[in-house]
Structure formats: structure tokens, C-alpha cells
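The sequence shown begins at 6 in this note's numbering and counts up one residue at a time. No residue lacks a Cβ here, since even glycine has one placed at the ideal position from N, Cα and C.
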Amino acid sequence: MIYTLEVTAILVSLGSVLWVELVRDFYHVLAHVWQPLYRLHLWHHRVFKPDLSLANETIYREANWYNDLPESLVMLVFSIAFASIVINQEILTAYQWSAWLGSVYSFSFTLGAIARGFGIPYADEITDVTHRPGDFQSLPAQWFVNRPYHWRHHFDNQNAYFCGTFTLVDKIIGTALSLKGKKIAVTGASGTLGKALLKQLHLQGAKVTALTSKPQNLSLEIDCQNLPIKTVTWRVGKESELASFFEKIDILIINHGVNVRAARNVKAIADSYQINAFSSWRLMELFLKTVRTNEDMVKKEIWVNTSEAEVNPAFSPLYELSKRTLGDLVALKRLDAPCVIRKLILGPFKSNLNPIGIMSAEWVARQIVNLALRDFRDIIVTINPLTYLAFPLKELLVPTYLKLFTNSNLLH
Ligand SMILES: NC(=O)c1ccc[n+]([C@@H]2O[C@H](COP(=O)([O-])OP(=O)(O)OC[C@H]3O[C@@H](n4cnc5c(N)ncnc54)[C@H](OP(=O)(O)O)[C@@H]3O)[C@@H](O)[C@H]2O)c1
């Protein structure tokens with residue numbers, strides 16, 4: 006009984022804090038779409054330089070009065086509404102102190118905004134942690150807003166990355182990653198999924214480049230019209246020729262692949278590993294070398310199409326072996342990667358490589374983009390329910406094993 010009381014008290018406390026954080030984030034979204042609020046919020050966007058140092062001390066103080074203080078007061082009002090509802094529920098009256106936690110929490114932001122507005126020494130350092138200058142020590146976090154996550158709201162796309170503490174609202178409305186204006190290159194571009202992905206990325210406002218292994222110029226079919234796109238030719242084994250091109254690319258999508266099916270001769274083994282695994286690994290290494298600055302760390306990404314063959318049979322052993330190798334190499338690189346690396350774990354879709362696939366490449370491409378906008382790092386799109394169980398388990402065990410038995414500082 007006591008145990009139930011404690012658990013309920015904790016749930017009500019957490020609920021009251023989550024509630025005010027949701028209020029904060031929706032208030033922020035509103036401030037970007039409703040002109041009267043935007044006029045106040047704009048002060049906040051005038052404050053910082055791209056290294057997050059202050060453009061102007063006076064504007065910083067004003068921004069706290071015009072933006073941060075009203076925001077915290079709105080949280081406070083909604084926290085009082087939450088507590089009032091809870092204490093009026095007969096079964097919850099015993100938890101009124103827990104219900105008021107959201108108000109205490111909101112009031113701490115009110116005090117912080119007032120302290121910063123008056124310019125009290127160190128108030129900004131203690132209370133405004135997502136706006137501190139300095140090198141980024143980590144990648145944008147997935148569930149909690151950290152400096153790298155929030156930097157993108159100011160300097161990547163002000164109409165995305167709205168969240169202040171938890172990233173939930175951005176995940177719900179699809180603003181946890183912005184593809185607008187991003188320079189994105191896709192390998193395997195003339196293939197079925199390659200073309201479908203390029204189209205979806207273009208529709209999201211990305212500037213796409215097709216990376217193809219054949220000498221050809223590719224175009225997208227948009228509204229029954231052909232739109233020529235920048236096309237770059239590359240070859241397996243000659244990945245280093247792409248080094249200077251990668252400097253200008255924000256997101257590299259490694260999507261090329263072959264399926265040798267039942268073949269098991271020397272060429273089938275070499276092609277499977279060279280094309281599916283090792284060329285992808287070389288492209289990854291090359292691209293990661295272009296990540297140098299704070300901006301690169303948060304804007305650059307690699308997406309690798311490994312396939313659900315990582316965890317399920319594809320009735321093509323060399324395809325499975327090479328895709329599992331690729332999946333494990335991605336897991337290894339992720340341990341120290343200076344930018345986000347996403348995996349695409351796809352089930353069977355109809356394509357040149359898999360003529361009997363069940364899903365359509367267009368639908369798969371739309372789901373990939375939808376999940377990426379919600380910052381899924383492992384993007385699973387399949388009709389096979391086992392993959393949703395087996396893959397997360399593999400992603401828990403394999404990286405743990407790799408972390409325990411490898412060391413980034415050791416030379417071999
Ligand atoms: N279809 C499925 O059921 C399924 C399921 C899970 C994962 N996948 C993966 O999805 C990706 C896209 O496959 P898809 O189904 O769209 O097949 P696809 O239509 O055959 O496209 C694959 C593309 O890979 C590129 N490629 C082939 N051989 C190459 C080589 N020797 N060197 C460099 N590039 C080469 C080609 O594009 P360019 O000519 O433009 O270079 C080719 O069009 C692959 O990685 C595949 O393993 C597919």
C-alpha cells in the first residue's frame with residue numbers, strides 16, 4: 006500500500022513537470038507562428054553569435070524580460086491549472102504536494118529570468134545552460150535538449166528544434182531534425198530506393214546530389230515533370246576521389262548494394278563484401294574526416310542502409326553476411342563518431358535488387374524521412390514484427406560488447 010502511494014506520488018510529480026515542459030514547448034512553437042508573440046521572441050534570437058557568445062549584453066538582458074520571463078509565467082499559470090485539477094480529484098487529493106511540483110519548477114525559471122534580466126553575476130552560467138559558448142563535448146542528444154541540440158534552433162533552422170528540456174514535442178511534430186536546405190548525397194542513386202529517397206528529401210527542401218556508379222545524369226520526376234539533379238559518378242575502390250566533394254555535404258546516405266543471391270564463387274564473395282560492406286566503410290571514414298567544427302558536429306550526418314538482414318534471414322547468405330558486417334562496422338564507428346550515424350533497417354520492398362519485395366520503395370522512403378525528422382537513430386521500416394524485437398536487442402548487445410573489448414586510444 007505504501008509502495009503504491011509512493012509510486013503514485015512520483016508519477017504525479019513527474020506528470021506536473023512534463024506538463025509544464027509541454028506548455029513551454031508549445032508556447033515556443035506558437036511564438037514562431039503568431040506574430041504578436043514572435044515580436045517578443047525575436048529578442049531571444051537577436052542575442053547570440055554562432056559560437057553562442059553574446060552579441061550584446063543589453064539585448065540579452067532585454068530578451069529575458071520580453072521572452073524568458075513571459076514564457077516562465079505561462080508555465081506557472083498552466084502548472085497551477087494542473088495542480089487545481091489534481092487536488093479536485095477525490096482519488097488524488099492525497100498527492101497535492103506532488104501536483105504543485107510543476108509550479109515550484111516553473112517558478113525556478115521565473116527567478117532565473119528575473120536574475121538574468123537584472124544582470125546578476127553568474128545567473129546566466131547557472132540558469133541558462135543550453136546557451137553557453139565553447140566547444141561541443143557531445144552530439145545532439147536524443148531525449149534531452151543539450152547545447153548541440155539547441156544550437157540548431159538558432160543557426161540551422163528556427164522553425165525546428167523547438168524543445169527546451171525534453172525533445173518530445175519535436176518528435177511528435179517532426180521537427181527534431183530539419184532537412185531544409187541541407188546538402189544531401191545519396192549513393193545507389195539510380196536504384197529503386199535511391200530515386201525514391203532523393204525525391205522525398207527534395208520535397209523536404211533538401212539540396213540533393215545523386216551519387217551513382219554509372220556515367221549518367223539523373224533527374225527526379227516531380228508532378229509529372231523531370232527535374233535534373235546534380236549527379237556525381239563514383240566507383241567502388243575509388244572512394245577517396247570523393248574527399249573534396251564530401252567537404253560540402255551535410256548528410257551522406259550510403260544506400261548502394263548488391264544481392265548475389267545463391268552464388269558463392271570468388272567474385273560473389275568479393276562483390277558482396279566490397280560493395281555492401283567495405284566501400285560503405287571507406288565512404289564513412291572519408292566523410293567523418295570532414296567533421297571538424299561545432300557546426301559540422303550538429304549538421305553533418307551519415308545514414309547507412311544496412312537492411313533487416315542484419316538480424317533476419319534474407320535467404321541469401323552472402324547478402325546477410327555482408328550486411329551484418331556493415332551493421333557491425335557502423336556500430337563500431339558510432340562509438341567515437343564525431344557526428345550522428347543513423348541506420349536504416351528495411352524489410353523487403355520491390356526493387357531491381359528484390360523483385361518480389363512486398364512494400365513499395367516510395368512508401369519506404371516516406372517512412373524513412375518521417376522517422377528521421379523525429380530523430381530516430383535506428384530507422385526500422387518493415388512488415389516483419391520480429392525485427393522490432395531482434396534489432397533493438399542486437400543494438401543493445403553488440404555495441405556493449407564492442408565498447409568493452411575495444412579501445413579508441415590503442416594502436417594495433
Ligand atoms: N529491396 C529490398 O527488399 C531491400 C531490403 C532491405 C535493404 N535493401 C537495401 O536497400 C539499398 C537499395 O537497394 P534497392 O532495393 O533500391 O536496389 P536497386 O534498385 O538494385 O539499387 C541498388 C543500387 O546500388 C548501386 N550499385 C549496384 N552495384 C553497385 C556497384 N558495383 N558499385 C556501386 N553501386 C552499385 C546501383 O546504383 P547506381 O547505379 O546509381 O550506382 C543500384 O541501382 C541496398 O543497399 C539494399 O541492400 C533493400
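#### Entry: Contact test: residue 313 Cβ vs ligand 1 heavy atom, cutoff 8 angstroms
Reading the sequence shown from its first residue, position 308 is the one you call residue 313. For ligand 1, at least one heavy atom lies less than 8 angstroms from the Cβ of residue 313.
### Message
Once the 5 residues before and after residue 60 are set aside, which same chain residues still bring their CB inside 8 angstroms of it?
### Response
On the sequence shown, residue 60 is found 55 positions in, with the first residue counted as 1. Excluding positions up to five away in sequence, the list reads 51, 52, 53, 54.
### Task
May I ask you to check if the CB of residue 218 is nearer than 8 angstroms to at least one heavy atom of ligand 1?
Numbered from its first residue, the sequence shown carries residue 218 at position 213. Yes, since a heavy atom of ligand 1 falls inside the 8 angstroms radius drawn around the Cβ of residue 218.
### Query
Is the beta carbon of residue 337 less than 9 angstroms from the beta carbon of residue 310?
Sequence index remark: in the sequence shown, residue 337 carries index 332 (1-based). Sequence index remark: in the sequence shown, residue 310 carries index 305 (1-based). For residue 337 and residue 310, no; Cβs fall outside 9 angstroms.
### Query
Can we count residue 199 as close to ligand 1, meaning its CB is less than 8 angstroms from some heavy atom?
Counted from its first residue, the sequence shown places residue 199 at position 194. Yes, Cβ of residue 199 sits closer than 8 angstroms to a heavy atom of ligand 1.
### Task
Pick out the complete alpha helix (DSSP H) segments inside the segment 168-207, 4 residues or longer, and give them in chain order.
173-178
### Message
Which residue wins for smallest C-alpha separation from residue 173, given the options 353, 344, 29?
### Response
What you label residue 173 is simply residue 168 of the sequence shown in a count that begins at 1. Answer by Cα proximity: 29.
### Message
Within 10 Å of its beta-carbon, does residue 177 have 16 or more other beta-carbons around it, so buried, or fewer, so exposed?
### Response
Working through the sequence shown from its first residue, we reach residue 177 at position 172. By the 10 Å Cβ count, residue 177 comes out exposed.
### Message
Can you tell me whether residue 345 is helix, strand or coil according to DSSP?
### Response
As a first step, residue 345 must be located in the sequence shown, where it is residue number 340. The answer is strand: DSSP assigns residue 345 an E or B state.
### Beta-carbon spacing of residue 200, residue 223 below 9 angstroms
The residue you call residue 200 lines up with position 195 of the sequence shown. The residue you call residue 223 lines up with position 218 of the sequence shown. Yes, the pair counts as a contact, with Cβ atoms nearer than the cut-off.
### Task
Spell out the partners DSSP gives residue 224 in its beta bridges.
As a first step, residue 224 is located in the sequence shown; it is residue number 219 there, counting from the start. For residue 224, which the question treats as bridged, DSSP gives the partners 233.
### Query
Under the three-state reduction of DSSP, which class applies to residue 212: helix, strand or coil?
Locating residue 212 in the sequence shown gives position 207, counting from the first residue. It is a strand residue.
### Query
Between which two residues does the beta strand (DSSP E) containing residue 246 stretch?
In the sequence shown, counting from the first residue as 1, residue 246 sits at position 241. Per DSSP, residue 246 belongs to no beta strand (DSSP E) and is neither H nor E.
### Local Cβ density within 10 Å of residue 283, reported as buried at 16 or more and exposed below that
Counted from its first residue, the sequence shown places residue 283 at position 278. So residue 283 ends up on the buried side.
### Query
With residue 354 and residue 366 assumed to form a contact (beta carbons below 8 angstroms), what rounded beta-carbon distance in angstroms separates them?
Translated into the one-based positions of the sequence shown, residue 354 becomes position 349. Translated into the one-based positions of the sequence shown, residue 366 becomes position 361. Sure, about 5 angstroms apart at Cβ, within 8 angstroms.
### Query
From which residue to which residue does the beta strand (DSSP E) around residue 64 run?
Looking up residue 64 in the sequence shown gives position 59. Residue 64 -> not in any beta strand (DSSP E); alpha helix (DSSP H) instead, spanning 62-68.
### Query
What residues match up with residue 364 in a beta bridge as DSSP calls it?
If you number the sequence shown from 1, residue 364 lands on position 359. Residue 364 is bridged to 354.
### Query
Under a three-way DSSP split, which group does residue 256 fall into?
Counting from one through the sequence shown, the residue named residue 256 turns up at place 251. Strand.
### Task
Tell me whether residue 12 sits in a helix, a strand or coil according to DSSP, three-state version.
On the sequence shown, position 7 is the one that residue 12 refers to. In the structure shown, residue 12 sits in a helix (DSSP, three-state: H, G or I).
#### Entry: residue 1 vs residue 188 beta-carbon contact at 9 angstroms
Here the chain comprises residues numbered 6 to 417, so residue 1 is not present and cannot be evaluated.
### Query
Just reading off the beta strand (DSSP E) that residue 310 is part of, what are its end residues?
Stepping through the sequence shown from its first residue, residue 310 is reached at position 305. Where residue 310 is concerned, the enclosing beta strand (DSSP E) stretches over 306-310.
### Supposed close pair residue 216, residue 248 - CB separation, criterion 8 angstroms
Indexing the sequence shown from 1 puts residue 216 at position 211. Indexing the sequence shown from 1 puts residue 248 at position 243. Not a contact, Cβ separation roughly 13 angstroms.
### Task
Check residue 98 in the structure and name its three-state DSSP category.
Within the sequence shown, the letter at position 93 stands for residue 98. Looking at residue 98 - three-state DSSP - the assignment turns out to be helix.
### Task
Kindly indicate which three-state DSSP category residue 25 falls into: helix, strand or coil?
Within the sequence shown, numbered from 1, the residue matching residue 25 stands at position 20. Three-state DSSP puts residue 25 in a helix.
### Bridge-paired residues (DSSP) for residue 386
Along the sequence shown, one-based indexing puts residue 386 at 381. Note: residue 386 sits in a beta bridge opposite 351.
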